[in-house]
Amino acid sequence: MPDFIHPYQVVYRHHQGYCKPELEFEHLYHTWLAAVKVMEQQRSVNDFQEIAANVRYHYSKVLDQLAVLKEIGVQAEVDGKTEDHILAEIEEYQQKVASWDYAKSCIHVLEKSFDYPAPCQFVVLPSDLGSWDDSDPATHNFRLHFLCDIQLDRLTESTLPEHKHLSNHPGYDLVRPQEFFQKYGSYALIQLKIVKQGFSSPYYEISPLETFNILWGCDLDDSGNLPTIDTIEPLVNKAIGYLEGMSPPRRSQILLTERESFAIKGFLAVPDGDNTLGGLYRYTDDLNHWFWYCKQHAHQRITPGTLDMLMNFVYNCGGHVDMQLAALHIELHSRLHMDQFCTLLNDFKPIFHDISITLGWKDASRQDLNDILQKVADTANVHHLELSGVPYDTHLQGTVDFRTDTFASHFLDSSVLKTVTLLNCPRPQEQYTYFDAGRLSVLRLHFEHHQQQVDTKHCWKDLQIKTRAFAVTYEIAELLEASQDLLDFLAQDGHQAVSTIGHHQNNWRGEFDLEKGTLRELQVYNLSAFDKVSNTVFVKPVVLEALVSLQTLTVDVGDFDTDQVVARVVQASPQLQNLLISLHESRVLERVEKTLEMWRRRSSSLQLTLLERDNSGRGQVVAQALIRGHAKSYLGKDNADLQGCNTHSTRSHEWNQGMPATAEFLEWNCDHVSVPLVDLTVALLDMATEQHPSVLTSFVLDISNLSQEGLSHIQNILQRSMLSQLQICCTAFDSSLTDFVCQVLLVVQWSTLQSLILSGAAVNEWIRYLATTIGISLLDLQFQSFRIQGTGKQSVCLTHSSVLFVHQLRSLNPLMKVVLESVYLRDDRDSDLVLGSPLLCE
Numbered sequence: 014m015p016d017f018i019h020p021y022q023v024v025y026r027h028h029q030g031y032c033k034p035e036l037e038f039e040h041l042y043h044t045w046l047a048a049v050k051v052m053e054q055q056r057s058v059n060d061f062q063e064i065a066a067n068v069r070y071h072y073s074k075v076l077d078q079l080a081v082l083k084e085i086g087v088q089a090e091v092d093g094k095t096e097d098h099i100l101a102e103i104e105e106y107q108q109k110v111a112s113w114d115y116a117k118s119c120i121h122v123l124e125k126s127f128d129y130p131a132p133c134q135f136v137v138l139p140s141d142l143g144s145w146d147d148s149d150p151a152t153h154n155f156r157l158h159f160l161c162d163i164q165l166d167r168l169t170e171s172t173l174p175e176h177k178h179l180s181n182h183p184g185y186d187l188v189r190p191q192e193f194f195q196k197y198g199s200y201a202l203i204q205l206k207i208v209k210q211g212f213s214s215p216y217y218e219i220s221p222l223e224t225f226n227i228l229w230g231c232d233l234d235d236s237g238n239l240p241t242i243d244t245i246e247p248l249v250n251k252a253i254g255y256l257e258g259m260s261p262p263r264r265s266q267i268l269l270t271e272r273e274s275f276a277i278k279g280f281l282a283v284p285d286g287d288n289t290l291g292g293l294y295r296y297t298d299d300l301n302h303w304f305w306y307c308k309q310h311a312h313q314r315i316t317p318g319t320l321d322m323l324m325n326f327v328y329n330c331g332g333h334v335d336m337q338l339a340a341l342h343i344e345l346h347s348r349l350h351m352d353q354f355c356t357l358l359n360d361f362k363p364i365f366h367d368i369s370i371t372l373g374w375k376d377a378s379r380q381d382l383n384d385i386l387q388k389v390a391d392t393a394n395v396h397h398l399e400l401s402g403v404p405y406d407t408h409l410q411g412t413v414d415f416r417t418d419t420f421a422s423h424f425l426d427s428s429v430l431k432t433v434t435l436l437n438c439p440r441p442q443e444q445y446t447y448f449d450a451g452r453l454s455v456l457r458l459h460f461e462h463h464q465q466q467v468d469t470k471h472c473w474k475d476l477q478i479k480t481r482a483f484a485v486t487y488e489i490a491e492l493l494e495a496s497q498d499l500l501d502f503l504a505q506d507g508h509q510a511v512s513t514i515g516h517h518q519n520n521w522r523g524e525f526d527l528e529k530g531t532l533r534e535l536q537v538y539n540l541s542a543f544d545k546v547s548n549t550v551f552v553k554p555v556v557l558e559a560l561v562s563l564q565t566l567t568v569d570v571g572d573f574d575t576d577q578v579v580a581r582v583v584q585a586s587p588q589l590q591n592l593l594i595s596l597h598e599s600r601v602l603e604r605v606e607k608t609l610e611m612w613r614r615r616s617s618s619l620q621l622t623l624l625e626r627d628n629s630g631r632g633q634v635v636a637q638a639l640i641r642g643h644a645k646s647y648l649g650k651d652n653a654d655l656q657g658c659n660t661h662s663t664r665s666h667e668w669n670q671g672m673p674a675t676a677e678f679l680e681w682n683c684d685h686v687s688v689p690l691v692d693l694t695v696a697l698l699d700m701a702t703e704q705h706p707s708v709l710t711s712f713v714l715d716i717s718n719l720s721q722e723g724l725s726h727i728q729n730i731l732q733r734s735m736l737s738q739l740q741i742c743c744t745a746f747d748s749s750l751t752d753f754v755c756q757v758l759l760v761v762q763w764s765t766l767q768s769l770i771l772s773g774a775a776v777n778e779w780i781r782y783l784a785t786t787i788g789i790s791l792l793d794l795q796f797q798s799f800r801i802q803g804t805g806k807q808s809v810c811l812t813h814s815s816v817l818f819v820h821q822l823r824s825l826n827p828l829m830k831v832v833l834e835s836v837y838l839r840d841d842r843d844s845d846l847v848l849g850s851p852l853l854c855e
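So the mapping is simple: the working numbering equals the position in the sequence shown, first residue as 1, plus 13.
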């Protein structure tokens with residue numbers, strides 16, 4: 014039997030002389046059988062998927078060739094097997110292949126290789142089958158339900174069942190379901206198949222859907238949004254059929270990364286007072302892997318009264334507890350508090366993973382630090398530990414032997430701790446440090462008292478030897494001097510490690526590649542403060558040298574008055590590859606435009622990531638774009654290279670010709686645009702919505718700064734976007750643009766709108782455009798809200814035809830809320846049309 018042969022090799026051999034149909038059939042059969050044998054022995058899931066695709070390819074080819082033999086009257090026979098025998102063998106193996114494929118996919122999804130920071134086991138079901146219409150995509154609404162990630166525990170007896178089940182939570186409506194399925198479609202499909210067919214392994218038990226075990230615990234929820242015994246099966250079948258009907262290129266891979274699991278929350282409609290954890294709790298098993306369990310499974314071994322005692326103790330100390338994230342912060346006010354806390358914590362070893370402890374009494378010492386570390390290490394299953402409150406222990410003379418020191422031994426012995434942050438401790442001038450690279454991944458040391466003298470050579474040398482990464486913070490003046498010391502030291506010794514140095518007030522910090530002694534990452538948190546010291550920073554040769562190799566720049570932008578600072582860093586960084594900007598207001602397109610301008614003379618590419626932060630400081634990625642400059646080497650005579658860089662669409666390439674640099678949107682989550690646009694920013698939005706058409710749901714249409722070209726982009730945007738809210742800024746415009754404005758109004762997807770606002774001095778003119786372009790069709794729409802906002806006496810008065818149009822619109826849609834605000838009537842007699850109908854006048 015020949016070795017496994019790629020299908021392209023089969024075609025090649027056919028042209029080399031396998032001309033007889035029976036010989037071609039024999040060759041295809043042997044190739045298919047060899048691929049099946051390889052697939053049977055394949056353990057790697059990724060390779061398995063590739064081989065499975067080849068098996069399916071050869072399976073179809075074997076059947077096609079068999080049909081050819083029948084057509085010419087030739088009896089198929091291979092290795093003494095008759096045609097019936099061959100067909101039976103093929104069907105038997107195809108059933109095995111389907112079984113192997115399903116099992117491998119289940120293992121791939123269930124026995125994951127990541128400790129996910131957010132729940133990622135879920136099913137997506139139709140929200141309401143009663144209103145579902147296969148021919149109407151507007152009725153295809155979905156709801157996501159997380160699953161309890163419970164594992165089989167064969168060593169410990171449990172009174173609760175250990176099979177997967179829906180979380181006792183009403184779930185979340187999916188926002189932008191089409192985009193969600195493009196990203197998570199294959200993953201969601203295999204999850205649904207697992208729920209329907211069931212799966213068993215040494216670690217997991219998923220009962221088939223017919224047992225209804227998937228609904229265990231759901232009777233505790235009274236929201237009415239969870240499936241029931243009567244509805245679960247048709248819901249699962251409809252969801253599977255829907256996802257299987259999607260074209261394969263629009264479905265994602267079945268393995269999620271940590272970032273992809275965290276991004277799921279961006280597609281969830283979260284009610285007020287809820288979070289995105291779906292009623293699940295982070296849980297750590299005996300091997301220190303994270304899972305997401307329901308409350309019953311996560312806390313089944315906890316005595317409720319004991320948990321209440323711990324939480325009350327923490328709250329009385331001014332701390333807080335997040336049970337779902339398994340996080341705890343407490344400030345201890347005495348040694349007695351410390352002992353009491355550790356005693357209570359002893360009962361919750363598998364519960365808390367992130368613990369922050371502040372030793373808050375005045376005479377807290379190095380010995381207290383030793384004691385709390387020892388007790389926490391002995392009692393808690395902690396992954397991330399933060400200790401603070403211990404001042405400099407200046408009365409301690411000499412050095413401490415790290416081999417016998419209690420403080421050191423618990424770090425060295427710990428197989429759980431991954432990150433340790435020590436705020437202002439231990440003494441930085443000690444020659445020895447107490448941490449081992451085989452245990453800790455990251456050690457952060459923060460020394461806030463700048464009056465203390467630091468022996469940087471000893472400190473940095475020992476830290477970089479003992480750990481893979483560390484952070485040290487100083488005042489700006491000391492930072493520059495310390496950086497020079499560090500580079501001089503590294504130039505002599507040539508150590509290879511990664512370290513971080515930064516301003517103690519978090520104004521900026523940078524990550525150094527110690528092998529070359531140059532800055533690779535720079536994080537700027539306060540641009541106004543950075544601007545004050547930037548002249549000093551850039552004068553220093555160490556920073557100038559570092560920026561030459563800067564690859565990643567992170568900026569937290571509070572306003573747009575500091576663009577020059579960012580531009581100076583970008584100009585001084587020829588090797589910059591990644592720019593991450595945190596915004597505090599939604600001006601995403603303006604920021605992309607400014608980045609294009611900064612990058613216009615570069616021949617390299619830049620990945621721009623924009624995060625939008627709310628008032629609490631939390632942020633999410635709203636856009637990610639690949640930026641390329643228009644350097645001479647980038648614009649050849651045939652422009653072939655440039656076209657290859659942005660192949661998403663021909664039109665995208667044409668737009669980029671008028672831009673300072675090219676842009677391709679890799680990710681776009683900005684669902685609302687409310688700022689005035691110019692031709693360049695509206696072209697960017699056109700490009701973004703073409704690549705991500707289902708995102709934009711709220712839009713403010715303001716054409717005051719747009720040309721004919723800009724209006725054509727607006728037309729593209731509105732034609733593909735399913736808006737729920739539209740506000741039209743009714744400003745006067747040149748009469749030559751009238752036809753283009755009417756075209757814009759014609760392409761709006763009016764059937765999806767829930768709210769329409771007309772505002773500005775020219776509302777009467779825009780109402781006339783609506784009446785003449787949309788007319789009767791607009792009267793049939795079912796808006797929830799229609800608001801007309803004038804500008805008082807500065808507005809053009811509403812004519813009789815405009816008032817009549819509004820009156821008819823309200824009369825035909827009695828449930829619509831129509832509001833007239835600051836508008837005047839040209840004819841007072843029209844007031845009867847306003848006052849005689851249920852209009853709201855403000």
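Note that beta-carbon positions come from the ideal geometry of N, C-alpha and C, so glycine has one too.
For this session: For I242, count neighbouring C-beta atoms within 10 Å of its own C-beta (all shown protein chains included) and say buried if the count is 16 or more, exposed if not.
Result: Exposed.
Exercise. CB F275 to CB Y129, shorter than 9 angstroms?
Worked result: With respect to the 9 angstroms criterion, F275 and Y129 are classified as neighbours on the basis of their beta carbons.
Exercise. Nearest to E96 by alpha carbon, out of E39, G230 and G291?
Worked result: The shortest C-alpha separation from E96 is found at E39.
Exercise. What number of angstroms, rounded off, separates the C-alpha of H813 from the C-alpha of C743?
Worked result: If you take the alpha carbons of H813 and C743, they lie about 18 angstroms apart.
Problem set entry | Nearest-angstrom Cα separation, counted from Q740 out to R800 | R800 and Q740 have their C-alpha atoms spaced approximately 9 angstroms apart.
Exercise. Can M611 and V634 be called in contact, C-beta distance under 9 angstroms?
Worked result: No. Outside cutoff.
Problem set entry | Ordered list of beta strand (DSSP E) runs contained in the stretch 240-321, each at least 3 residues | Taken in chain order, the complete beta strand (DSSP E) segments of 3 or more residues contained in the stretch 240-321 are 293-297 and 303-307.
Problem set entry | Inter-residue Cα distance where the pair is E606 and Q195 | Looking at the two C-alpha atoms, the distance is approximately 27 angstroms.
Exercise. Helix or strand or just coil, what does DSSP make of H350?
Worked result: Residue state, collapsed to three classes: helix.
For this session: For A282, count neighbouring Cβ atoms within 10 angstroms of its own Cβ and tell me buried if that reaches 16, exposed if not.
Result: The residue is exposed, with fewer than 16 neighbouring Cβ atoms inside 10 Å.
Problem set entry | 6 angstroms CB neighbourhood of L621 in its chain, flanking five on each side removed | Around L621: L592, T608, A638 and I640.
Problem set entry | Beta-carbon gap between L323 and F361 smaller than 9 angstroms | Cβ atoms of L323 and F361: closer than 9 angstroms.
Exercise. What number of angstroms, rounded off, separates the C-alpha of G198 from the C-alpha of H312?
Worked result: Using only the alpha carbons, I get a separation of about 32 angstroms.
For this session: Quick one: give me the first and last residue of the alpha helix (DSSP H) that I364 is part of.
Result: That residue, I364, is in no alpha helix (DSSP H); it is neither H nor E in DSSP.
Exercise. Buried or exposed: which applies to T702, given that a residue is buried once 16 or more other Cβ atoms fall within 10 Å of its Cβ?
Worked result: Counting every other CB atom within 10 Å of its CB across the protein chains shown gives T702 a total of 16 or more, marking it as buried.
Exercise. In three-state DSSP terms, what is P190?
Worked result: In the structure shown, P190 sits in a helix (DSSP, three-state: H, G or I).
Exercise. Leaving out the 5 sequence neighbours to the left and right, which residues in its chain are closer than 7 angstroms to G805 when beta-carbon positions are compared?
Worked result: So the qualifying residues of the chain are S835.
For this session: Determine, using beta carbons only, whether H366 and T289 come nearer to each other than 9 angstroms.
Result: No.
For this session: Report the option in M829, K33, Y72 and E53 whose CA atom is closest to the CA atom of T44.
Result: The residue with the shortest Cα to Cα distance from T44 is Y72.
For this session: Counting only the same chain and skipping the five closest in sequence on each side, list residues whose C-beta sits under 6 angstroms from that of D872.
Result: No answer is possible for residue 872: the residues shown for the chain start at 14 and end at 855.
For this session: Starting from the Cα of E175, find the closest Cα among C161, H350, V760 and Q704 and give me that residue.
Result: Ranking C161, H350, V760 and Q704 by Cα distance to E175 puts C161 first.
Problem set entry | Inter-residue Cα distance where the pair is S140 and H178 | Going by the C-alpha atoms only, they are around 19 angstroms apart.
For this session: Tell me whether the beta-carbon of L769 lies closer than 9 angstroms to the beta-carbon of S734.
Result: Cβ distance not < 9 angstroms, so L769 and S734 don't count as in contact.
For this session: In angstroms with no decimal places, state the Cα-to-Cα distance between D321 and N67.
Result: When the Cα atoms are used, D321 and N67 turn out to be separated by approximately 58 angstroms.
Exercise. With a CB to CB cut of under 6 angstroms and the five nearest residues on each side skipped, what residues in its chain are close to D651?
Worked result: No answer about D651 holds up, because its pLDDT of 34 lies below 50 and its placement is not dependable.
Exercise. DSSP puts P13 in a beta bridge; with which residues?
Worked result: Given that the chain is displayed from residue 14 to residue 855, the structure contains no residue 13 and the question cannot be resolved.
For this session: Please work out which residues of its chain come closer than 7 angstroms, Cβ to Cβ, to I343, disregarding the five sequence neighbours upstream and downstream, and give them in chain order.
Result: These residues qualify, in order along the chain: V327, C330, G332, F354 and I370.
For this session: Please name the residue, chosen from H346, I727 and I207, that lies closest to G373 on a Cα-to-Cα basis.
Result: Cα-wise, what sits closest to G373 is H346.
Problem set entry | Range of the contiguous beta strand (DSSP E) that encloses E344 | Note, E344: beta strand (DSSP E), A340 to L345.
For this session: Pick helix, strand or coil for Q88, following the three-state DSSP scheme.
Result: Shown here, Q88 sits in coil according to DSSP, grouped into three states, outside any helix or strand.
Exercise. Between the C-alpha atoms of H685 and S737, what's the straight-line distance to the nearest angstrom?
Worked result: A direct Cα-to-Cα measurement between H685 and S737 gives close to 10 angstroms.
Exercise. CA-CA distance, E257 and F159?
Worked result: Between the alpha carbons of E257 and F159 lies a distance of about 21 angstroms.
For this session: Please classify E53: is it buried, with 16 or more other beta-carbons within 10 angstroms of its beta-carbon, or exposed?
Result: E53 sits exposed, since fewer than 16 C-beta atoms from the chains shown fall within 10 Å of its C-beta.
Exercise. When the Cα atoms are used, what is the spatial distance from V809 to V776?
Worked result: Between V809 and V776, the alpha-carbon positions lie close to 7 angstroms from each other.
Problem set entry | Interface flag, R295 vs chain D, CB-CB below 9 angstroms | As a matter of chain content, chain D is missing from the structure shown, which is built from one protein chain.
Problem set entry | Straight-line gap, T270 to E84 (C-alpha atoms, nearest Å) | The alpha-carbon atoms of T270 and E84 are separated by roughly 50 angstroms.
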